[in-house]
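Data first, discussion second: the structure below is written as structure tokens.
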Amino acid sequence: GAVVSQHPSRVICKSGTSVKIECRSLDFQATTMFWYRQFPKKSLMLMATSNEGSKATYEQGVEKDKFLINHASLTLSTLTVTSAHPEDSSFYICSARDFTSGRAHEQFFGPGTRLTVL
Amino acid sequence: RKEVEQDPGPFNVPEGATVAFNCTYSNSASQSFFWYRQDCRKEPKLLMSVYSSGNEDGRFTAQLNRASQYISLLIRDSKLSDSATYLCVVIPQGDFNKFYFGSGTKLNVKP
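Pasting the structure below:
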């Protein structure tokens, strides 16, 4: 149980384009999902907390107009990187907590999306 | 100062060796701690929680030292399949929505 999927797994795009990444909880409902970014050899950094039916909460230094988050249903959150630039190239990972399991403290991670902006 | 700090390694050890990693955290009020494992270009997966009294899961032992604000992971009888990056995670008091990750310690187990 507690499986999280992400799509696409990899995307290469031109500078200036927007990229949408989907995060789905496959076998549980997730009122809260999390978006992380990981640069090579660096730690995962929380970008924002996505809340179903309400606005996302962004971490300090993360531009909400640059990284648009939508959590329209209990199983889907999307992250859109708008007007992507090469410095946005990174590994984006989402996670969710399953409050119905006995492991509510754990975050289950999606397989990640590797974004390369040319 | 970073919330969580780890020695990046790499730790290069032969099969069968015992290896230990430490991770220090800055917030003394932190309440929960985990070790995650991350394979190259993959997502992190929970390895084990860290309990105050220390805990063991097979070849893996985790310990918490609140006085010195660090957690440790000991791996006995290393296997080739243990090669990965080990991330420590610290959660501040009362907020399981905030996972602070260390940058990871890379382990290479060699035949």
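Those protein sequences? They're chains W and D, same order as listed. 1206 is the number of the first residue of the first sequence in my numbering; add one for each residue after it. 345 is the number of the first residue of the second sequence in my numbering; add one for each residue after it. Here a beta-carbon is modelled for each residue, glycine too, at the ideal position from N, C-alpha and C. Predicted model, so just to flag it, every value in this text is computed and none were measured.
{"Query": "Mind listing which residues of the region 1243 to 1258 of chain W have their C-beta closer than 8 Å to chain D's C-betas, in chain order?", "Result": "Lys1246, Lys1247, Ser1248, Leu1249, Met1250, Leu1251, Thr1254"}
{"Query": "In three-state terms, what does DSSP make of W/Ser1306?", "Result": "coil"}
{"Query": "Fully enclosed by the region 356 to 416 of chain D, which alpha helix (DSSP H) runs are 4 residues long or longer?", "Result": "none"}
{"Query": "At a CB-CB cut-off below 7 Å, which residues of chain D make contact with W/Thr1237?", "Result": "Asn441"}
{"Query": "Do we get a CB-CB distance below 8 Å when we pair D/Ser376 with the residues of chain W?", "Result": "yes"}
{"Query": "Given a threshold of 16 other Cβ atoms within 10 Å of its Cβ, counted over all protein chains shown, does W/Thr1199 qualify as buried or as exposed?", "Result": "No statement about residue 1199 of chain W is possible, as the shown extent of chain W runs from 1206 to 1323 and does not include it."}
{"Query": "Of the choices W/Met1250, W/Trp1240, W/Gly1221, whose alpha-carbon is the least far from that of W/Cys1228?", "Result": "W/Trp1240"}
{"Query": "Can you check which of these residues, W/Phe1272, W/Ala1309, W/Leu1249, W/Val1208, is closest to W/Phe1296 by C-alpha distance?", "Result": "W/Leu1249"}
{"Query": "Can you tell me whether W/Phe1304 is buried or exposed, with buried defined as 16 or more other CB within 10 angstroms of its CB?", "Result": "exposed"}
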